[in-house]
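K.L.:
Protein chains: 2
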Amino acid sequence: MPRLLIVEDDDRIRLSLRLALEDEGYSVRDVPTAEAGLAEHRAHPADLVLVDLMLPGMDGFDCIRAMRRLGDVPIVVVSARDDTHDVVAALEAGADDYVVKPVAVKELSARLRALRRRASGSGEDAPKVRRFGEIELRPEAGEVLLGDEQVHLTRTEFRLLCELADQTGRVLSRQQLLDRVWGYDVYGDERLVDVHIGRLRRKVERDPANPAHVLTVRGLGYKLSP
Amino acid sequence: MPRLLIVEDDDRIRLSLRLALEDEGYSVRDVPTAEAGLAEHRAHPADLVLVDLMLPGMDGFDCIRAMRRLGDVPIVVVSARDDTHDVVAALEAGADDYVVKPVAVKELSARLRALRRRASGSGEDAPKVRRFGEIELRPEAGEVLLGDEQVHLTRTEFRLLCELADQTGRVLSRQQLLDRVWGYDVYGDERLVDVHIGRLRRKVERDPANPAHVLTVRGLGYKLSP
DNA sequence: CCGTCTCGTGACGGTCCCGTGACGAGCCCC
DNA sequence: GGGGCTCGTCACGGGACCGTCACGAGACGG
């Protein structure tokens, strides 16, 4: 579930954007100021950021620049001002797109999709099926094979495995996994991750007590080793 | 000089776009039909494509889809129709952006720049692995290799090594290391650092008694030599 | 050469982290 | 409504890890 961060000071617009984009399948967080947006993005990096230009305190341009320094997350400006000068300035600051309020949700959603396609894939179509030793993951089919026999994973276990697989070899903290698997808005107990990791291991590891792929990195989180 | 292909049937608009974008530093080719555009792109692949939607013969949507099949060149639609339905359809077909005529050249140019930045830049960011002789440090994976075998570090040892690595060659005092590894608010015994340095050496040094990289600077602190 | 200071290291008790089993709630399909 | 499946919470136990201390070796200055 892609994570989207909305930075917009108008409560009504923020809420309506949030609802519309949640319908589109995004896990949304929204904040009313640039400062809060930066803090939020630092704590929970988003896959996409929507930012207004006219904000109290730090303005949208500075917000864009600051986020650019943090990473290359796609940024879309949603502004009331239909002015070439603003568009150019926002894009120069590091934004990827600029749409004018009032926005058609369908168009915004299409632009977000286009941007995500461009930002993530960079062209190469993924081989869709990934192997980790004896574990074979087929996201399309929703299947997992251990050796040559299929194992049944619950939805949560499956998504957990997918998220780990998307970042193979990299450590993901419990909080990151909560964000990605359970969604932004869930402030659950981090121990919840442990339980599902355990359940996942019992299904995809030959020796769950000594996992070969779903590894614990003590004090940091979990990772999937190739 | 980035190569830009313009597919636009209106001669006057095509020419003016061409001149404007040549001024912006693009090497421009222009054609009046989708068929010619595809042929041109096949013969001389462009870095960027501008496509009109209303074209005689094959229309812009088909042109976009056909180009998408050829590669992942960034495509910008330049259309007279300001209609959400068209925007969505164009983006779904594979376009990266959609601007409405008459276009402000400055804005178009800024959008092209933003798109090129995104399209090229998404090539992997630096691998972030650092080497110090036989010691290889992979912060993302939470791993450390000595030679080609992985050594297990505890969280504290790992952070300690990372902090030293961040300031390679510079001496860090015990207090600085306490601040960075254990946090500002911890007023622990400075000797604590010694203990962990020792433990670290036993794991990442071939001869812990005569360390080659994790060095003591008597009276000052420790440093990591490259 | 000797006293003092600094650093390395082994041992040990306490703490925190993680794995796991148990349990109840919600959900869906018979 | 019952049974199976999945999920989230909790508590417990074991072990990894940490911080402290003490002792000894080596470095440095006089």
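As given, the protein sequences belong to chains A and B, one line each in that order.
Quick note on numbering: this note's numbering labels position 170 of the first sequence as 170, and the sequence is numbered without any gaps.
Just so we're on the same page, this note's numbering is the position in the second sequence counted from 1, plus 1000.
Heads up, the beta-carbon is just placed ideally off N, CA and C, and yes, glycines get one too.
So the candidates are A:R111, A:W182, A:L48; which of them puts its Cα closest to the Cα of A:R68?
P.N.:
One-based indexing of the first sequence puts residue 68 of chain A at position 68. Checked all of A:R111, A:W182, A:L48; the closest Cα to A:R68 is A:L48.
K.L.:
Leaving out five residues on either side along the sequence, give the residues of the same chain with a beta carbon under 6 Å from the beta carbon of B:R1180.
P.N.:
Mapped onto the second sequence, residue 1180 of chain B falls at position 180. Taken in chain order, the residues that qualify are E1163.
K.L.:
Give a yes or no on contact between the stretch 1132 to 1139 of chain B and the stretch 198 to 212 of chain A, applying the rule of three or more CB pairs nearer than 8 Å.
P.N.:
no
K.L.:
Using a Cβ cut-off of 7 Å, which residues of the stretch 60 to 93 of chain A contact any Cβ in chain B, in chain order?
P.N.:
D72, T84, V87, V88, L91, E92
K.L.:
Is the beta carbon of A:D9 less than 9 Å from the beta carbon of A:R18?
P.N.:
Locating residue 9 of chain A in the first sequence gives position 9, counting from the first residue. Locating residue 18 of chain A in the first sequence gives position 18, counting from the first residue. No, the pair does not count as a contact, with Cβ atoms beyond the cut-off.
K.L.:
Output, in chain order, the set of chain A residues within a Cβ distance shorter than 7 Å of B:L1096.
P.N.:
Counting from 1 along the second sequence, the entry for residue 1096 of chain B is found at position 96. Note that residue 1096 of chain B corresponds to Asp in the displayed sequence, not to Leu. What B:D1096 touches in chain A: A114, R118.
K.L.:
Please work out which residues of its chain come closer than 6 Å, Cβ to Cβ, to B:R1003, disregarding the five sequence neighbours upstream and downstream, and give them in chain order.
P.N.:
Start at 1 with the first residue of the second sequence, and residue 1003 of chain B comes out as number 3. Same-chain partners within the cutoff: S1027, A1046, D1047.
K.L.:
What span of residues does the beta strand (DSSP E) with A:T156 cover, start to end?
P.N.:
Sequence index remark: in the first sequence, residue 156 of chain A carries index 156 (1-based). No beta strand (DSSP E) contains A:T156, which is instead part of the alpha helix (DSSP H) from 155 to 166.
K.L.:
List the DSSP bridge partners of B:I1135.
P.N.:
Within the second sequence, the letter at position 135 stands for residue 1135 of chain B. Note: B:I1135 sits in a beta bridge opposite B:F1132, B:L1146.
K.L.:
Using 9 Å as the limit for Cβ to Cβ distance, is B:T1216 near chain A?
P.N.:
Here residue 1216 of chain B refers to the residue found at position 216 of the second sequence. By this cut-off, B:T1216 is not an interface position.
K.L.:
On a CA-only basis, which of B:A1036, B:G1169, B:H1044, B:A1043 is nearest B:G1060? Give me that one, please.
P.N.:
Counting from one through the second sequence, the residue named residue 1060 of chain B turns up at place 60. The option with the nearest alpha carbon to B:G1060 is B:A1036.
K.L.:
Using 9 Å as the threshold, is the C-beta distance between B:I1064 and B:A1093 below it?
P.N.:
Here residue 1064 of chain B refers to the residue found at position 64 of the second sequence. Here residue 1093 of chain B refers to the residue found at position 93 of the second sequence. Result yes, Cβ atoms of B:I1064 and B:A1093 sit closer than 9 Å.
K.L.:
On a CA-only basis, which of B:R1118, B:L1050, B:E1143, B:P1226 is nearest B:V1099? Give me that one, please.
P.N.:
Locating residue 1099 of chain B in the second sequence gives position 99, counting from the first residue. It is B:L1050.
K.L.:
Would you report the Cα separation of B:S1016 and B:H1041, rounded to the nearest angstrom?
P.N.:
In the second sequence, counting from the first residue as 1, residue 1016 of chain B sits at position 16. In the second sequence, counting from the first residue as 1, residue 1041 of chain B sits at position 41. Roughly 21 Å separates the two Cα atoms.
K.L.:
Going along chain A in order, which residues have a C-beta closer than 8 Å to the C-beta of B:K1128?
P.N.:
Within the second sequence, numbered from 1, the residue matching residue 1128 of chain B stands at position 128. Per Cβ cutoff of 8 Å: no residues; B:K1128 is ~10 Å from chain A at best.
K.L.:
Ignore the nearest five residues each way along the sequence and tell me which others in B:S1225's own chain have a CB closer than 6 Å to its CB.
P.N.:
The count along the second sequence starts at 1 and reaches residue 1225 of chain B at position 225. So the list reads H1213, L1215, once near-sequence residues are dropped.
K.L.:
Answer with yes or no whether the minimum CB distance from B:S1016 to chain A is below 9 Å.
P.N.:
Start at 1 with the first residue of the second sequence, and residue 1016 of chain B comes out as number 16. No, B:S1016 lies away from the interface with chain A (no Cβ there is under 9 Å from its Cβ).
K.L.:
Using 9 Å as the limit for Cβ to Cβ distance, is A:E205 near chain B?
P.N.:
Counting from one through the first sequence, the residue named residue 205 of chain A turns up at place 205. Interface annotation, A:E205: not in contact with chain B, CB-CB separation never under 9 Å.
K.L.:
Relative to the C-alpha of B:T1154, which residue among A:G219, A:G188, A:F158 is closest?
P.N.:
Within the second sequence, the letter at position 154 stands for residue 1154 of chain B. It is A:G219.
K.L.:
Could you give the residue range of the beta strand (DSSP E) that holds A:K101?
P.N.:
On the first sequence, residue 101 of chain A is found 101 positions in, with the first residue counted as 1. From DSSP, A:K101 is part of no beta strand (DSSP E); its letter is neither H nor E.
K.L.:
In chain order, what residues of the same chain lie with their CB nearer than 7 Å to the CB of A:T156, ignoring the 5 residues before and after it?
P.N.:
Here residue 156 of chain A refers to the residue found at position 156 when the first sequence is read from its first residue. The answer, listed in chain order, is V181, H196.
K.L.:
How long is the line joining the alpha carbons of B:R1131 and B:G1169, rounded to whole angstroms?
P.N.:
Looking up residue 1131 of chain B in the second sequence gives position 131. Looking up residue 1169 of chain B in the second sequence gives position 169. Each residue's Cα considered, the two are about 13 Å apart.
K.L.:
Using a Cβ-Cβ distance under 9 Å, would A:V171 count as near chain B?
P.N.:
Here residue 171 of chain A is taken as the residue at index 171 of the first sequence, counted from 1. Yes, A:V171 lies at the interface with chain B (some Cβ there is under 9 Å from its Cβ).
K.L.:
Please report how far the alpha carbon of B:R1012 lies from the alpha carbon of B:V1129, in whole angstroms.
P.N.:
The residue you call residue 1012 of chain B lines up with position 12 of the second sequence. The residue you call residue 1129 of chain B lines up with position 129 of the second sequence. The alpha-carbon atoms of B:R1012 and B:V1129 are separated by roughly 53 Å.
K.L.:
Got a sec? Which residues, its chain only, sit under 6 Å from B:G1221 by beta carbon, not counting five neighbours each side?
P.N.:
As a first step, residue 1221 of chain B must be located in the second sequence, where it is residue number 221. Only V1171, L1172, S1173, R1174 meet the Cβ criterion.
K.L.:
Taking DSSP's pairing of strands, which residues face B:S1173 in a bridge?
P.N.:
The sequence position of residue 1173 of chain B within the second sequence is 173, counting from 1. B:G1221.
K.L.:
For A:V87, report the span of its alpha helix (DSSP H) as first-last.
P.N.:
The residue labelled residue 87 of chain A in the question sits at position 87 within the first sequence. Looking at the DSSP string, the run of the alpha helix (DSSP H) that includes A:V87 is 84 to 93.
K.L.:
Beta strand (DSSP E) containing A:L5: first to last residue?
P.N.:
One-based indexing of the first sequence puts residue 5 of chain A at position 5. Start and end: 3 to 7.
K.L.:
Using a Cβ cut-off of 7 Å, pull out every chain B residue sitting near A:R111, in sequence order please.
P.N.:
Translated into positions along the first sequence, residue 111 of chain A becomes position 111. Per Cβ cutoff of 7 Å: L1091.
K.L.:
For the beta strand (DSSP E) holding B:L1055, just list the boundary residues, first then last.
P.N.:
As a working note, residue 1055 of chain B is residue 55 in the second sequence. Note, B:L1055: premise wrong, no beta strand (DSSP E); not H, not E.
K.L.:
Taking 8 Å as the cut-off, is the C-beta of A:L50 nearer than that to any heavy atom in the ligand COA?
P.N.:
Among the components of this structure there are no ligands whatsoever, and the ligand COA is therefore not found.
K.L.:
Would B:R1042 pass as an interface residue toward chain A - the criterion being a Cβ-Cβ separation below 9 Å?
P.N.:
On the second sequence, position 42 is the one that residue 1042 of chain B refers to. For B:R1042, the answer is no, since every Cβ of chain A falls outside 9 Å of its Cβ.
K.L.:
Using only the alpha-carbon positions, how far apart do A:D97 and B:R1111 sit?
P.N.:
Walking along the first sequence from the start, residue 97 of chain A turns up at place 97. Walking along the second sequence from the start, residue 1111 of chain B turns up at place 111. Roughly 7 Å between the two C-alpha positions.
K.L.:
Can you grab the Cα-Cα spacing for the pair B:T1033 / B:V1103, in whole Å?
P.N.:
To locate residue 1033 of chain B, count along the second sequence from 1; it is residue 33. To locate residue 1103 of chain B, count along the second sequence from 1; it is residue 103. For B:T1033 and B:V1103, the distance between alpha carbons rounds to 20 Å.
K.L.:
Using the Cβ count rule (16 or more neighbours within 10 Å means buried), how would you classify B:D1194?
P.N.:
Indexing the second sequence from 1 puts residue 1194 of chain B at position 194. Per the 10 Å Cβ criterion, exposed.
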